[in-house]
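Quick note, the sequences are listed as chains A and L, same order.
Throughout the first sequence, residue numbering follows our numbering, covering 6 to 145 in sequence.
Throughout the second sequence, residue numbering follows our numbering, covering 328 to 508 in sequence.
Ideal placement from N, C-alpha and C gives every residue a C-beta, glycine not left out.
What follows is a short report on a single structure.
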Amino acid sequence: TIGMIVIGKNGHVAAATSTNGATHKIPGRVGDSPVAGAGAYADSTAGGAAATGDGDIMMRFLPSFLAVDLMRNGAQPTAACEMAISRIKKYYPDFFGAVICANTTGGYGAACNKRPGFSQFPFMVVNPQTNKPQLHKVDC
Amino acid sequence: QASLPLVINTWHFENAASAAWSSLQMGGSVLDAVERGCAQCELEQCDGSVGFGGSPDERGESTLDAMIMNGNTMEVGAVGDLRRVKNAVGVARAVMEYTEHTFIVGESATIFAQNMGFKSEDLSANQSIAIFSKWLQSNCQPNYRKHVFPDPSKSCGPYKPNAKSRQPKHPKGNFDPSSHD
């Protein structure tokens with residue numbers, strides 16, 4: 006699944022996702038990706054976030070909305086992402102999932118839930134300092 | 328670290344990030360850029376979890392979910408369980424731009440997409456067919472069924488509810504991380 010946030014020079018935030026979902030899903034099953042506030046969320050007054058992972062579980066917590074609202078209340082992007090993950094972890098300790106967050110000044114961060122075989126989460130960033138895609142990894 | 332404009336996306340999908348950044352550099356809006364970036368992954372079938380030919384359902388069919396959101400106006404367009412149309416994020420944008428709705432799903436989303444000029448085509452590919460046939464040969468394991476019979480941890484369906492059977496759900500541990508949203 007790809008979740009993407011783009012923030013323009015003027016602070017305009019847009020978010021989008023695209024996925025083909027879970028493998029061997031029951032026909033008709035839709036994951037978190039297309040649900041605003043779950044797969045992704047954008048609010049030019051606060052920032053944007055996008056989630057990836059086990060959508061059946063993550064959608065119940067609206068992690069992208071939560072992360073954006075935490076940034077609205079002053080949280081740094083990484084902290085906002087971490088809180089969104091920990092909210093889910095409380096009920097589903099070994100869920101598979103990660104969130105990326107960005108605020109309207111161009112700050113960004115990510116967080117993920119550590120589980121066997123998943124201890125780092127890769128994400129791409131481009132901004133005027135890099136001018137080309139740079140791979141980042143966050144330790145879960 | 329903080330500077331604008333900014334593109335950030337999940338996973339190591341470098342070409343998607345490039346496509347979004349180029350769109351911005353060419354004067355595109357942030358909505359254009361985010362759509363372009365996700366569409367790049369649909370074209371490239373990024374790690375098999377985006378676009379056609381991946382993640383077949385219990386019938387072997389690939390179905391697509393996508394959304395797009397405008398943080399200035401809070402407009403959202405989304406599709407779920409989209410069938411036979413490859414450019415899911417494009418259809419999501421069409422929902423946002425040509426309807427008052429937010430979310431259109433299933434077969435009707437496909438008909439909406441066709442009416443909006445999107446091409447209808449088979450979303451299966453060698454990969455999804457191979458994944459599906461391997462799954463059938465392994466008694467439909469893993470699957471997302473529980474409290475049904477026959478025992479979903481041992482056999483394929485069709486399944487019927489089985490209120491009596493309380494066999495433990497598949498241990499989550501066998502969750503396949505490549506099968507994600």
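Cβ neighbours of residue i in the same chain (closer than 8 Å, five flanking residues each side left out)
| i | result |
| --- | --- |
| residue 130 of chain A | 113, 138, 139 and 141 |
| residue 417 of chain L | 362, 366 and 445 |
| residue 384 of chain L | 390 |
| residue 443 of chain L | 418, 421 and 425 |
| residue 47 of chain A | 10, 18, 19, 20, 53 and 73 |
| residue 402 of chain L | 396 and 423 |
| residue 440 of chain L | 406, 409, 412, 418, 421 and 447 |
| residue 135 of chain A | none |
| residue 49 of chain A | 16, 17, 18 and 109 |
| residue 437 of chain L | 409, 410, 411, 412 and 447 |
| residue 475 of chain L | 484, 486, 487, 488, 489 and 492 |
| residue 482 of chain L | 466 and 467 |
| residue 328 of chain L | Its pLDDT being 47, under 50, residue 328 of chain L is placed unreliably in this model, and the value from its coordinates should be taken loosely. Result list for residue 328 of chain L: empty, nothing under 8 Å. |
Nearest-angstrom beta carbon gap, residue j and residue i [assumed within contact, 8 Å]
| i | j | result |
| --- | --- | --- |
| residue 380 of chain L | residue 372 of chain L | 6 Å |
| residue 343 of chain L | residue 9 of chain A | 7 Å |
| residue 103 of chain A | residue 116 of chain A | 7 Å |
| residue 465 of chain L | residue 387 of chain L | About 14 Å separates the two Cβ atoms, so there is no contact after all. |
| residue 489 of chain L | residue 29 of chain A | About 20 Å; that fails the 8 Å criterion. |
| residue 507 of chain L | residue 66 of chain A | With a Cβ gap of about 15 Å, residue 507 of chain L and residue 66 of chain A do not count as contacting. |
| residue 111 of chain A | residue 31 of chain A | Not confirmed; about 41 Å, so no contact. |
| residue 132 of chain A | residue 330 of chain L | 5 Å |
| residue 127 of chain A | residue 338 of chain L | 6 Å |
| residue 25 of chain A | residue 378 of chain L | 6 Å |
| residue 148 of chain A | residue 34 of chain A | No answer is possible for residue 148 of chain A: the residues shown for chain A start at 6 and end at 145. |
For residue i: DSSP bridge partner residues
| i | result |
| --- | --- |
| residue 270 of chain L | Here chain L comprises residues numbered 328 to 508, so residue 270 of chain L is not present and cannot be evaluated. |
| residue 7 of chain A | A/23 |
| residue 117 of chain A | A/103 |
| residue 461 of chain L | BP columns for residue 461 of chain L are empty, so no partner. |
| residue 112 of chain A | Bridge partners of residue 112 of chain A: none, in fact. |
| residue 395 of chain L | A/21 and L/404 |
| residue 135 of chain A | For residue 135 of chain A, which the question treats as bridged, DSSP gives no partner whatsoever. |
| residue 443 of chain L | Looking at the DSSP assignment, residue 443 of chain L forms no beta bridge with any residue, so it has no partner. |
| residue 52 of chain A | A/48 and A/108 |
| residue 335 of chain L | A/10 and A/130 |
| residue 476 of chain L | L/487 |
| residue 123 of chain A | A/120 |
Nonlocal neighbours in the same chain, by C-beta distance under 6 Å from residue i, ignoring five residues either side
| i | result |
| --- | --- |
| residue 340 of chain L | 368 and 373 |
| residue 7 of chain A | 23 |
| residue 420 of chain L | 362, 395 and 404 |
| residue 346 of chain L | 363, 364 and 367 |
| residue 83 of chain A | 114 |
| residue 57 of chain A | 6, 8 and 103 |
| residue 472 of chain L | 479 and 486 |
| residue 60 of chain A | 36 and 37 |
| residue 332 of chain L | 351 |
| residue 89 of chain A | 68, 71, 72 and 104 |
| residue 348 of chain L | 334 |
| residue 392 of chain L | 407 |
Beta-carbon proximity list for residue i, same chain, < 7 Å, skipping 5 on both sides
| i | result |
| --- | --- |
| residue 524 of chain L | Outside the displayed range of chain L (328 to 508) lies residue 524 of chain L, so it cannot be described from this structure. |
| residue 97 of chain A | 62 |
| residue 448 of chain L | 411 and 413 |
| residue 458 of chain L | 383 |
| residue 144 of chain A | 124 and 125 |
| residue 499 of chain L | Note that residue 499 of chain L scores a pLDDT of 47, beneath 50, so its modelled location is shaky; the value from the coordinates is reported in the next line. No residues qualify anywhere along the chain. |
| residue 501 of chain L | Any reading at residue 501 of chain L must be qualified, since the residue scores a pLDDT of 46, below 50, and its modelled position is unreliable; the value itself is stated next. The residues are 469. |
| residue 452 of chain L | 379 and 380 |
Kindly confirm or deny that the segment 16 to 36 of chain A and the segment 45 to 61 of chain A touch, where touching means at least three C-beta pairs closer than 8 Å. yes
Select from the segment 56 to 68 of chain A all residues with a C-beta closer than 9 Å to any C-beta belonging to chain L, and list them in chain order. 56, 57, 58, 59, 60, 61, 63 and 64
Touching by the beta-carbon criterion (3+ pairs, under 8 Å), the segment 97 to 114 of chain A and the segment 430 to 448 of chain L: As far as the Cβ criterion goes, the segment 97 to 114 of chain A does not touch the segment 430 to 448 of chain L, which means the pair count is below three.
Is the segment 71 to 78 of chain A touching the segment 118 to 128 of chain A, taking contact as three or more C-beta pairs under 8 Å? no
Which residues, taken in chain order from the segment 360 to 378 of chain L, show a beta carbon closer than 7 Å to some beta carbon of chain A? 360, 361, 362, 364, 365, 368, 369, 373, 376, 377 and 378
Identify each residue in the segment 79 to 95 of chain A for which the Cβ-Cβ distance to at least one residue of chain L is less than 8 Å, and report them in chain order. none
Three or more C-beta pairs under 8 Å: does that hold for the segment 39 to 46 of chain A against the segment 87 to 95 of chain A? no
Near-chain A residues of the segment 456 to 485 of chain L (beta-carbon distance less than 7 Å), N- to C-terminal order: 458, 462, 469, 470 and 471
Tell me which residues of the segment 383 to 415 of chain L have at least one Cβ-Cβ distance to chain A shorter than 8 Å, keeping chain order. 383, 384, 385, 386, 388, 389, 390, 391, 392, 393, 394, 395, 396, 397, 398, 399, 401, 403, 405, 406, 407, 408 and 415
Closer than 9 Å, Cβ to Cβ, to anything on chain A: give me those residues from the segment 417 to 428 of chain L, in chain order. 419 and 420
Interface residues of the segment 117 to 128 of chain A facing chain L [CB-CB below 9 Å]: 120, 121, 122, 123, 126, 127 and 128
The segment 97 to 108 of chain A: which residues have C-beta closer than 9 Å to a C-beta of chain L, in chain order? 97, 99, 100, 101, 102, 103, 104, 105, 106, 107 and 108
Closer than 9 Å, Cβ to Cβ, to anything on chain A: give me those residues from the segment 334 to 346 of chain L, in chain order. 334, 335, 336, 337, 338, 339, 340, 341, 342, 343, 344 and 345
Listed in chain order, which residues of the segment 426 to 455 of chain L have Cβ atoms closer than 9 Å to some Cβ of chain A? 429, 430, 432, 433, 450 and 455
Taking only beta carbons into account, state which residues of the segment 31 to 43 of chain A come closer than 8 Å to chain L, listed in chain order. 31, 32, 33, 34, 35, 36, 37, 38, 39, 40 and 41
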